[in-house]
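In the working numbering, the protein residues as written are 3 to 925.
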Amino acid sequence: MEPFATPVVGRESEQSILSSFVTSAEGRALVLRGETGVGKSALLGHVAEQARSAGYRVIRATGVEAESNLPFAGLHQLLYPLLPHVERLDAVHRVAFDVVFGRSHEGAPSVMTLGIAVLDLVAVAASPKGLLLMLDDGQWLDPASTEICGFVGRRLAGNAVKLVVALRPEGSSGFDSAALPELPVPPLAGPAAARLLDERHPRLDPEVRRRVLDEAQGNPLALMELPPYLSGQGGERATGEPSGHGLVPLPDRFRQVYGARIAPLGPELRAELLRGALDGVHAGAATGLARAARYRMQGVDEAAAAGLLDLDPVGGEFVFRHPLVRSTVVLSATPNERRSAHAALARVHRDDVERRAMHLAAATVDPDEEVAVALEEAAASATRRGGAAAAVTWLTRAAELSETSGDRSRRLGDAAFVAGQAGLLDQVQRLVDADRAPSGPDSAASVLVSAYAALYEDGDVRSSHRQVAAAVERLRDAGTARPAEELTRLVNLLLAISQYAGADAWERTHPLLDSLGELLPAKSRIYQDAWSDVVRRGAGVHERVAQAYAAFPNLDPWDITRLGVAAYHVDTLGHYRSHLLRRVERELRTGAVMNGMTMLHLIMLDQTASGDWAAAERTGQRVLELTTAHGNTLFAHQSRAYLALLAALRGDLGRARELQAVVDRWARPRRIGFLVQIADAVGTAAALSEGDYEAAYLCAIGITPPGIFEPGAHQASRTVLDLVEAALHTGRPQQARRHALAAQDAGLPEVSPRLALVTFGALAMTAGDDEAEGLFRRAETHPGAADFPFELARVRLAHGIRLRHSQGPRAARQVLGQAVEAFTELGTEAWAERARTELRACGGPASPSATNPAALTWQEQRIAELAAGGLTNKEIGERTHLSPRTVSSHLYRVFPKLGVTSRAALRDALAAVQSAPAPGDAA
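Right, here's the structure in full:
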């Protein structure tokens, strides 16, 4: 940031653009990008002057390097003057500000929630005159604040709010991907540079003038600061100091200039400057900041006279002339001087958990349990407010300062857990290396972090399973009296590894977990039963999941995700999708990227199950890009597997098989059974889609043989219908019947609504005509059948084919028409054409609506069936992801189509429609 008095010379084009920016009627955002000292802050001053003249309220904030790891520090600085307006917002948005600014311990809000809250706040504050928010040195804004500023900047249209951000091009910044309009600020052209130099230093020696122009290369700050240095005024320049442009980069040259001014100052004054620099005292004016939160430098007039400080005309405080002055003050100090300054600042901020811990950590050299505990408390605070990266840093430092190897290992384990959830796998590996020497390779923390890296980066399920299982055994044998955090984390990681590894791993995991007895937490028992084998252990799981979810929103985010995985295995994920949607953006923003990735996987799976395939494709692509960018190889292949299965269902067979091959080639040699089985399921679905029933049968029995559900084969229950259909179409009715009966004998209808639908459907397909009709009806009228439109449409297609052959074309048209409509709405053309062919064979048109003008759409049918089952509009909305008002609109159209006037008549009307002949049939 340039000094207050920096004149604006040679910037006529930029000034014109900025004037238009201010006078525009619409809310807008703009990024000024230019090198250090190029004059960005002077242009910000021009914008501020223009805005004040137009009646705007102006707030100016500055990114501070010392706060770049403090979550929401930048946002707090920018919005602090507006906080009195928070009381005018609704309760949800008031809570969002309480959380991110440390006044509440509730979970951090999502980017969407907080971003909308900020938009509402600035809109309220802008009324009636308008509001200009200016942010200098935006490259040092903390990531959480940067993301919110980008979110807000993209949505200012329609508000009387303007946002201007100035930042340097060196290095990366979150604003690089914020998609905000940019105005580059280049160095001054030759004539403008000469004019500025002559105005500022009118009697400069010609030789010095030439050298300044040569070395400054149009940089305004250099043009103002270099002349005294190169002239040797005040003894600034050292003897023999090299000259010539290009020998010393400008930032280093500025540090030489400022260093020469700092050196003559007395030790007490340098110490005062150092305390201000280390606490982030601002450079230049920072209108509207929380003054009490920052160290206030006293007795520094001599430094101001030396050109190191300026007096803030708004707040009346001394501030650094430029950020490079601040960094030069720090670099000029000795390590002991810096530690002494940090210790003093820790006392100043004794009531601020995070800031005090940050300074204590920097002031401490030797192990100190008090400081380590303070850092743990700061990490917990940062995690609550959405700063996973800061929490990892502080926990790692707490481990370094621990007085015992046990505490050191425990804190490294905590850091590794947070890093693993955040997807910071490179940091996980460094934590492994850090813990090996003092604690040994078998410490719980070392095992935890090495297993994270092995599993998610390399897909190494075998060695990671051995490591974690051995660590669980050691903790068990140590005689722990109650479930400990360390044991719980290891157990849950072992469950995740076992889920990916498959049957062989579960054979070793189950006995080990059973041996823990009461040491195994209740939620971990849910994960064990749901993730391992729902055929044998799934009974009652959906009730236990519902009971555990009742604690929302007090659940830890990773338990929300793990329970979501359990709900997926028992096909009740749709009941909890709203929880995931509410949390996923928060997890991704706060740095808990691994948790966010899993949430996106679950959202995609539920979108696929509920028939929202276009949305599922978008979600799948997003999570694939995210997992690839973070180097999470396991999750990337899992994303490809889910996308492959979706492509197979939709009939995009080329893409399905391409993705399947990639997944299979990576997962099979590593024995990752979870992904291998999905790859086989893709092959089954793709073959069924194109009518290659022999290939479908061979793929299906690769998952599990007919009549058997292999232990630990999670796709075995998901491919019941696939195996039965493929067997029937390939002349294997006995195998088909045996498999359908095995599903019934295993109690699958009691495990989940989808398994009830497919089990009764499979039994109907393989039964005789006298028994089949009742089974088809039982499948199609199951209360949960409408939640799984693809499986329901397949059962209806099979039902229609059976009716055509057993009772004639007239009996089949209604149910075949429903199948055609469902497949068409889903977007699976191969299945839709198969159903249309059967419908035409019955003498009906290809379009079911032509068969019955009053026919319900697939969505109307689903809502009507749910309403007939006794669900309220709100409950139907939660199940279908529609608003209660939209549900009401659908029912408004359904009632006249069915000839009813109340919900109580829906069940009979739907049953009558199912059995009624289609229009045009003979009586």
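In this text, a Cβ means the ideal position worked out from N, Cα and C, and glycines have one as well.
Exercise. In whole angstroms, what is the alpha-carbon distance linking R527 and A401?
Worked result: Walking along the sequence shown from the start, residue 527 turns up at place 525. Walking along the sequence shown from the start, residue 401 turns up at place 399. C-alpha separation (whole angstroms): 31 Å.
Problem set entry | N- and C-terminal bounds of the alpha helix (DSSP H) containing K525 | Counting from one through the sequence shown, the residue named residue 525 turns up at place 523. It spans 524-534 - the alpha helix (DSSP H) in which K525 sits, taken as one unbroken run.
For this session: Using a threshold of 8 Å, state whether the C-beta atoms of H324 and L280 are closer than that.
Result: If you number the sequence shown from 1, residue 324 lands on position 322. If you number the sequence shown from 1, residue 280 lands on position 278. Not in contact: H324 and L280 (Cβ atoms no closer than 8 Å).
Exercise. Quick one, which of P707, E880, L858, H883 has its alpha-carbon nearest K899's?
Worked result: If you number the sequence shown from 1, residue 899 lands on position 897. Considering only alpha carbons, the answer is L858.
Problem set entry | Beta carbon of L492 nearer than 8 Å to that of A473 | If you number the sequence shown from 1, residue 492 lands on position 490. If you number the sequence shown from 1, residue 473 lands on position 471. Their beta carbons are under 8 Å apart, which means L492 touches A473 by this criterion.
For this session: Give every residue of the same chain whose Cβ lies closer than 6 Å to the Cβ of P266, excluding the five residues on either side of it in the sequence, and list them in chain order.
Result: For the purposes of this step, residue 266 is taken as the residue at position 264 of the sequence shown. Taken in chain order, the list of residues that qualify is empty.
Problem set entry | 6 Å Cβ shell around V327 - same chain, five flanking residues per side excluded | Here residue 327 refers to the residue found at position 325 when the sequence shown is read from its first residue. For V327, where only same-chain residues beyond five positions count, the Cβ hits under 6 Å are Y260, L310.
Exercise. Span of the alpha helix (DSSP H) holding L1?
Worked result: Nothing about residue 1 can be reported from this structure: the residues present for the chain run from 3 to 925 only.
For this session: Would you kindly check if the distance between the Cβ of A359 and the Cβ of W396 is under 8 Å?
Result: Position 394 of the sequence shown, counted from the start, is the residue given in the question as residue 396. Position 357 of the sequence shown, counted from the start, is the residue given in the question as residue 359. The answer is yes: Cβ separation under 8 Å.
Exercise. Taking all protein chains shown into account, do 16 or more other C-beta atoms lie within 10 angstroms of the C-beta of I499, making it buried, or fewer, making it exposed?
Worked result: As a first step, residue 499 must be located in the sequence shown, where it is residue number 497. Buried, by the Cβ-count rule.
Problem set entry | CA-to-CA distance, A75 to V113, given in whole angstroms | Counting from 1 along the sequence shown, the entry for residue 113 is found at position 111. Counting from 1 along the sequence shown, the entry for residue 75 is found at position 73. So the two alpha carbons sit approximately 16 Å from each other.
Problem set entry | Contact the stretch 152-165 vs the stretch 189-197: 3+ CB pairs below 8 Å | no
Problem set entry | Span separating the alpha-carbon of A843 from that of P811 | Reading the sequence shown from its first residue, position 841 is the one you call residue 843. Reading the sequence shown from its first residue, position 809 is the one you call residue 811. Rounded to the nearest angstrom, the two C-alpha atoms are 8 Å apart.
Problem set entry | Complete runs of the alpha helix (DSSP H) confined to the stretch 573-598 [at least 4 residues] | 579-592
Exercise. Beta-carbon separation of A832 and G653 under 8 Å?
Worked result: Residue 832 sits at position 830 when you count from the first residue of the sequence shown. Residue 653 sits at position 651 when you count from the first residue of the sequence shown. Yes; because the gap between Cβ atoms is below 8 Å, this pair is in contact.
Problem set entry | Bounding residues of the alpha helix (DSSP H) (the contiguous stretch that carries R170) | Reading the sequence shown from its first residue, position 168 is the one you call residue 170. Per DSSP, R170 belongs to no alpha helix (DSSP H) and is neither H nor E.
For this session: From the DSSP output, in three-state form, read off D138 for me.
Result: One-based indexing of the sequence shown puts residue 138 at position 136. Here D138 sits in strand by DSSP.
Exercise. Name the DSSP beta bridge partners of E184, please?
Worked result: As a first step, residue 184 is located in the sequence shown; it is residue number 182 there, counting from the start. Note: E184 sits in a beta bridge opposite V33.
Problem set entry | Cutoff 7 Å; reference N597; Cβ partners in own chain excluding five residues on either side | Indexing the sequence shown from 1 puts residue 597 at position 595. For N597, where only same-chain residues beyond five positions count, the Cβ hits under 7 Å are Q423, P559, W560, T563, E589.
Problem set entry | Counted within 10 angstroms of its Cβ, other Cβ atoms place H351 as buried (16 or more) or exposed | Your numbering for residue 351 matches position 349 in the sequence shown. It is buried - the Cβ of H351 has at least 16 other Cβ atoms within 10 Å.
For this session: Tell me whether H203 sits in a helix, a strand or coil according to DSSP, three-state version.
Result: Sequence index remark: in the sequence shown, residue 203 carries index 201 (1-based). DSSP places H203 in coil when its eight states are reduced to three.
Problem set entry | alpha helix (DSSP H) segment containing T839, residue limits | The residue labelled residue 839 in the question sits at position 837 within the sequence shown. Here the alpha helix (DSSP H) through T839 covers 831-843.
Problem set entry | 8 Å Cβ cutoff met for L232 and R263 | Position 230 of the sequence shown holds residue 232. Position 261 of the sequence shown holds residue 263. Cβ distance not < 8 Å, so L232 and R263 don't count as in contact.
Problem set entry | Cβ neighbour criterion (16 or more within 10 Å) applied to H807 | For this step, residue 807 is matched to residue 805 along the sequence shown. H807 comes out exposed.
Problem set entry | L133 - DSSP class collapsed to helix/strand/coil | Counted from its first residue, the sequence shown places residue 133 at position 131. DSSP places L133 in strand when its eight states are reduced to three.
For this session: Give the secondary structure of I61 by DSSP, where H, G and I count as helix, E and B as strand, and everything else as coil.
Result: Within the sequence shown, the letter at position 59 stands for residue 61. Residue state, collapsed to three classes: strand.
Problem set entry | Nearest residue (CA-CA) to L413, options A800, A391, G763, E378 | On the sequence shown, residue 413 is found 411 positions in, with the first residue counted as 1. Residue identity check: residue 413 is Arg in the sequence provided, not Leu. Minimum Cα distance to R413 is reached at E378.
Problem set entry | First and last residue of the uninterrupted alpha helix (DSSP H) at Q300 | To locate residue 300, count along the sequence shown from 1; it is residue 298. Note, Q300: premise wrong, no alpha helix (DSSP H); not H, not E.
Exercise. Can the beta-carbon of Y502 be found less than 8 Å from the beta-carbon of V536?
Worked result: Looking up residue 502 in the sequence shown gives position 500. Looking up residue 536 in the sequence shown gives position 534. Cβ distance not < 8 Å, so Y502 and V536 don't count as in contact.
Exercise. Alpha carbon to alpha carbon, how far is T830 from V817?
Worked result: Locating residue 830 in the sequence shown gives position 828, where the first residue counts as 1. Locating residue 817 in the sequence shown gives position 815, where the first residue counts as 1. Using only the alpha carbons, I get a separation of about 18 Å.
Exercise. In angstroms, rounded to a whole number, what distance separates the CA positions of A421 and G770?
Worked result: For the purposes of this step, residue 421 is taken as residue 419 along the sequence shown, with counting starting at 1. For the purposes of this step, residue 770 is taken as residue 768 along the sequence shown, with counting starting at 1. Cα to Cα, A421 sits roughly 58 Å from G770.
For this session: Have a look at D207, P847, R909 and flag the residue whose alpha-carbon is nearest the alpha-carbon of R864.
Result: Working through the sequence shown from its first residue, we reach residue 864 at position 862. Out of D207, P847, R909, R909 has the C-alpha closest to the C-alpha of R864.
Problem set entry | From T874, A376, N338, residue whose alpha carbon lies closest to that of S904 | Looking up residue 904 in the sequence shown gives position 902. The shortest Cα separation from S904 among T874, A376, N338 belongs to T874.
Problem set entry | Nearest-angstrom Cα separation, counted from R357 out to R277 | Counting from one through the sequence shown, the residue named residue 277 turns up at place 275. Counting from one through the sequence shown, the residue named residue 357 turns up at place 355. So the alpha carbons of these two residues sit roughly 14 Å apart.
Exercise. Alpha carbon to alpha carbon, how far is H87 from S43?
Worked result: In the sequence shown, counting from the first residue as 1, residue 87 sits at position 85. In the sequence shown, counting from the first residue as 1, residue 43 sits at position 41. Straight-line Cα distance between these residues: approximately 28 Å.
Problem set entry | L873 CB to nearest heavy atom of the ligand MN below 7 Å | Summarising the ligand content, the structure contains no ligands, and the ligand MN is consequently not present.
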